[in-house]
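So the protein sequences, as listed, match chains Y and V. Start counting the first sequence at 1; every next residue gets the next number (full-length UniProt numbering). Start counting the second sequence at 1; every next residue gets the next number (full-length UniProt numbering). We put the beta carbon where it would ideally sit given N, CA and C, even for glycine. Computed from a predicted structure; not experimentally measured. Below is one structure, written out as structure tokens; comments come after it.
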Amino acid sequence: MRNGLPADEVRGQLLAFVTSLVDAEPGPDEDYFELGLVNSLAALELVTFVEHRFGITVRVEDLDLDNFRTVNRLTGFVLGKTAG
Amino acid sequence: MRPDEFDASGWDERGVLPLEMREAAARAGWFGVDLPAEHGGKGGTQAELGELCAEIGAVCGSVRALITVQGMVSAAITRWGTAEQRSTWLPALAAGEHLAGFAATESGAGTELSAVDTRFEVTGGAITVTGEKRWVTFGQQATAFLVLGKLDGRLATVLVEAGPGVSTVPVRGQLGLRAAMIAHVRFDGVRVPMGNLVASPGFGLSHVAATALDHGRFTVAWGCAGMAAACVADAAEHTVRRRQAAVPLAAHQVVRSTLARMAVDATAARGLCVAAARARDAGELDAVAGTVMAKYAAARAAASASQDAVQLLGSAGCASDSRVGRFFRDAKVMQIIEGSDQVSELHIADHLLRKYRVGGMT
Ligand SMILES: Cc1cc2nc3c(=O)[nH]c(=O)nc-3n(C[C@H](O)[C@H](O)[C@H](O)COP(=O)(O)OP(=O)(O)OC[C@H]3O[C@@H](n4cnc5c(N)ncnc54)[C@H](O)[C@@H]3O)c2cc1C
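Here it is in structure tokens:
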């Protein structure tokens with residue numbers, strides 16, 4: 001929907017959400033999956049958040065650890081999807 | 001077959017759900033309520049699915065469990081399957097041509113499913129599955145298992161059809177869900193096509209199994225709301241008719257007080273189920289957490305209402321064909337599966353606290 005979102009805004013929103021989700025502030029390149037920070041409910045909630053907040057649909061093809069495991073990568077993924 | 005035609009206590013006593021029941025469930029469309037119409041489902045809402053589970057849960061927990069497992073595996077494939085996997089598996093699951101089993105638990109992995117030992121090895125363009133699963137609902141008859149294991153150390157999910165290399169040991173005489181044809185299932189080097197891997201390795205638990213469990217929690221919640229309401233009805237009916245010293249039991253203040261508590265708990269649980277259905281239908285952010293809350297409240301309401309109902313029915317509640325007696329056993333199981341009460345509390349508190357943490361979002 002909202003084309004051309006500023007990267008900083010997306011990163012800031014993702015970082016805030018992930019921080020509240022895992023009760024720790026991961027660095028933008030820190031792998032919260034490998035750290036075991038994301039339990040099975042939190043991972044689904046992260047997908048719902050990304051879809052809800054940025055108006056995109058996460059599909060099975062998008063489920064690549066490279067897209068999801070750090071805030072910076074997730075930001076890149078959201079920007080790619082919203083750029084249309 | 002309508003719920004009022006179920007022989008629920010007979011099935012419970014024999015530990016068997018007859019084939020005709022499963023065929024009738026498929027014909028009635030109970031396996032595809034919320035599946036997309038293009039894949040053989042009815043394309044219905046979560047609210048519609050919930051109401052069906054409440055209606056069936058009020059009569060037979062094992063039939064509701066059948067709808068639950070079929071729905072869990074279907075939901076995981078709908079959400080995370082490829083287009084090919086969806087068109088291959090979903091119509092067969094909706095039509096009941098495939099009976100699903102959700103094979104996650106192992107002797108060393110219950111609440112903490114990331115500890116599973118089942119191995120997936122890629123050899124010669126196929127996946128070899130080796131492991132032992134415990135407590136698979138309808139595992140005695142499932143023809144398609146969604147199996148959680150590890151591929152190169154990463155949690156993954158693979159669809160395995162029953163056949164050579166898949167063996168089952170029936171579980172009998174368990175506390176509840178006695179007609180749910182539970183089995184321990186062993187996969188002994190079973191080879192399946194690469195196309196049976198659902199989502200990439202690394203997402204098997206966090207996304208695929210989690211989606212199945214989220215769906216399962218939702219149908220269990222509604223089934224429990226149905227059980228709790230049935231316990232209220234049976235207790236009210238009994239206490240109005242049953243007299244001791246010419247006085248109906250319901251005339252006693254202490255009995256009324258119990259009935260009031262039961263009714264409030266059952267109604268509140270149903271309210272949380274309705275809220276969860278609404279959140280899921282609207283794709284809301286709180287849908288997953290709302291479902292945990294509904295399941296937790298409804299399982300507790302079913303457990304306490306069935307305990308009170310057995311008490312109020314006295315010996316009638318202890319009889320082998322007593323509905324509330326069966327629910328007393330079934331409801332206890334509901335506080336353990338799909339996220340135990342304790343683990344649900346952790347999730348609910350975690351969700352609550354999130355809003356109050358630094359940078360927390362509402
Ligand atoms: C009738 C029935 C049907 C089932 N069907 C299926 C099925 O179809 N597929 C499948 O894969 N599994 C199935 N299961 C297994 C079920 O999912 C597990 O029993 C459940 O996940 C709990 O695991 P566990 O039994 O190993 O108990 P444990 O994980 O060992 O837990 C035992 C107790 O410790 C508590 N506990 C555990 N961790 C914590 C913690 N961190 N904090 C506080 N308390 C904790 C739990 O709440 C529980 O009370 C079924 C079980 C039953 C009884």
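Does ligand 1 have a heavy atom nearer than 7 Å to the CB of residue i?
i	result
V/Phe31	no
V/Leu346	yes
V/Ile56	no
V/Phe328	no
V/Ile182	yes
V/Gln174	yes
V/Ser340	yes
V/Trp135	yes
V/Val333	yes
V/Ile77	no
V/Leu177	yes
V/Ala69	The question names Ala, yet the displayed sequence has Val at residue 69 of chain V. Within the cutoff, so yes.
V/Gly110	yes
V/Thr105	yes
V/Phe102	yes
V/Val343	yes
Y/Ile56	no
V/Ile336	yes
Where does residue i land, buried or exposed, given buried means 16+ other C-beta within 10 angstroms?
i	result
Y/Glu45	buried
V/Val351	Inspection of the sequence shows that residue 351 of chain V is occupied by His rather than by Val. With 16 or more Cβ atoms within 10 Å of its Cβ, V/His351 is classed as buried.
V/Gly15	buried
V/Lys355	exposed
V/Gln85	buried
V/Val247	exposed
Y/Arg69	buried
V/Ile2	The amino acid occupying residue 2 of chain V in the given sequence is Arg; Ile does not appear at that position. With fewer than 16 other Cβ atoms within 10 Å, it is exposed.
Y/Arg2	In this prediction, Y/Arg2 has a pLDDT of 47, which is less than 50 and means its spatial position is unreliable; what the coordinates show is noted afterwards. Answer is exposed; the Cβ neighbour count stays below 16.
V/Thr362	Because the pLDDT of V/Thr362 is 46, which lies under 50, any placement of that residue in the model is unreliable, and the number read from its coordinates should be weighed accordingly. By the neighbour-count rule (16 or more Cβ atoms within 10 Å), V/Thr362 is not buried but exposed.
V/Pro164	exposed
residue 91 of chain Y	This structure does not reach residue 91 of chain Y, given that chain Y is present from 1 up to 84, and the question cannot be answered.
Y/Asp66	exposed
V/Val73	buried
V/Ser206	buried
Y/Gln13	buried
V/Ala209	buried
V/Val34	Reading off the sequence shown, one finds Asp at residue 34 of chain V, where the question assumed Val. So V/Asp34 ends up on the buried side.
V/Gly339	buried
Y/Arg59	exposed
V/Val166	buried
V/Pro170	exposed
V/Gln174	exposed
V/Cys318	exposed
V/His184	buried
Y/Ser40	buried
V/Val122	exposed
V/Asp330	buried
V/Arg79	buried
Y/Thr57	exposed
Going by DSSP, name the residue or residues bridged to residue i.
i	result
V/Pro248	V/Arg243
V/Lys150	V/Arg119, V/Leu155
residue 363 of chain V	The structure shown does not extend to residue 363 of chain V, since chain V is modelled only from 1 to 362, so the question has no answer here.
V/Ile127	V/Val122, V/Val192
residue 381 of chain V	Since the first residue shown for chain V is 1 and the last is 362, residue 381 of chain V is missing from the structure and cannot be characterised.
V/Lys133	V/Val185
Below 9 Å on C-beta distance, what does residue i contact in chain B?
i	result
V/Phe31	Structure shown: chain B not included; protein chains present are Y and V.
Give, in chain order, every unbroken run of the alpha helix (DSSP H) that is at least 4 residues long and sits entirely within the region 184-228 of chain V. none
Indicate whether the contact test is met: 3 or more Cβ pairs, each with one atom in the region 109-124 of chain V and one in the region 176-183 of chain V, closer than 8 Å. no
4-residue-minimum alpha helix (DSSP H) runs that sit fully inside the region 26-113 of chain V, ordered along the chain: 46-57, 61-80, 83-94
Going along the chain, which unbroken runs of the alpha helix (DSSP H) with 4 or more residues stay wholly within the region 274-349 of chain V? 287-313, 315-318, 323-334
Looking at C-beta atoms only, is the number of pairs between the region 14-28 of chain V and the region 291-298 of chain V that lie closer than 8 Å three or more? no
In chain order, which continuous runs of the alpha helix (DSSP H) of length 4 or greater are located wholly inside the UniProt domain "Carrier" (5-82) of chain Y? 7-22, 40-54, 65-68, 71-82
Meets three-Cβ-pair contact criterion under 8 Å: the region 97-108 of chain V and the region 129-140 of chain V: yes
Would you check if there are 3 or more beta carbon pairs closer than 8 Å linking the region 262-275 of chain V to the region 211-225 of chain V? yes
Is there contact between the region 195-204 of chain V and the region 76-94 of chain V, where contact requires at least three CB pairs shorter than 8 Å? yes
Are the region 275-287 of chain V and the region 311-325 of chain V in contact at 8 Å, needing three or more beta carbon pairs? no
Give a yes or no on contact between the region 229-239 of chain V and the region 254-270 of chain V, applying the rule of three or more CB pairs nearer than 8 Å. yes
If we count Cβ pairs, one from each stretch, closer than 8 Å, do we get three or more for the region 6-14 of chain V versus the region 46-55 of chain V? no
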